[in-house]
Every structure is written in structure tokens, then in C-alpha cells.
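Below is one structure, written out as C-alpha cells, with a few remarks after it.
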Amino acid sequence: MKTFKTINNIDCYGKFDREECFSVSYNLPNGEGVEDYVEINSCRNWTQLIKELEITLKGCEILEITCEG
């Protein structure tokens, strides 16, 4: 899958669709890698989604987001 966009050094894969589930890969503050799945239909684009995730995952390093649709 090709990178759709890179925003704030976060690779965003797939076409943004707020009706779909998103896979989020990130590192916890202790360096442990995690992958979670989220549904966020209040965001209208990648930039809004990243801002919401940065607030929610404060202190974590977000690496990649993939729209699963």
C-alpha cells in the first residue's frame, strides 16, 4: 500500500474514510511497540485524526496510521 500522506512525520496509508476503522501503530513512553484499532467518525481528515490521537496518546510516538477500508 502506498503512503497517502506524511503528516508530522506520521505515515498515513490508504484513503481517509471516517466510516472505516483505523490501525494505529505507536511506541509507548517505555519504547514498547503497540498497534491498536480505533473508530473515529468525528474527524474529517488525516490532520484532525492525528491531532485527536496526539491528545489521546500523549507521551507516545505515533508511527503510522492505516485506514482499513
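For the numbering used here, add 267 to where a residue sits in the sequence shown, where the first one is 1. Idealized CB from N, CA, C, for every residue including glycine.
As the crow flies, the alpha-carbon of Cys334 is around 24 Å from that of Pro296.
The alpha-carbon of Gly326 is positioned some 26 Å away from that of Gly281. Taking a C-beta distance under 8 Å as the contact criterion, Ile307 and Glu321 do not qualify as a contact pair.
In this model, Arg311 and Arg285 are separated by some 7 Å (Cα to Cα). DSSP places Ile307 in no beta strand (DSSP E); its state is neither H nor E.
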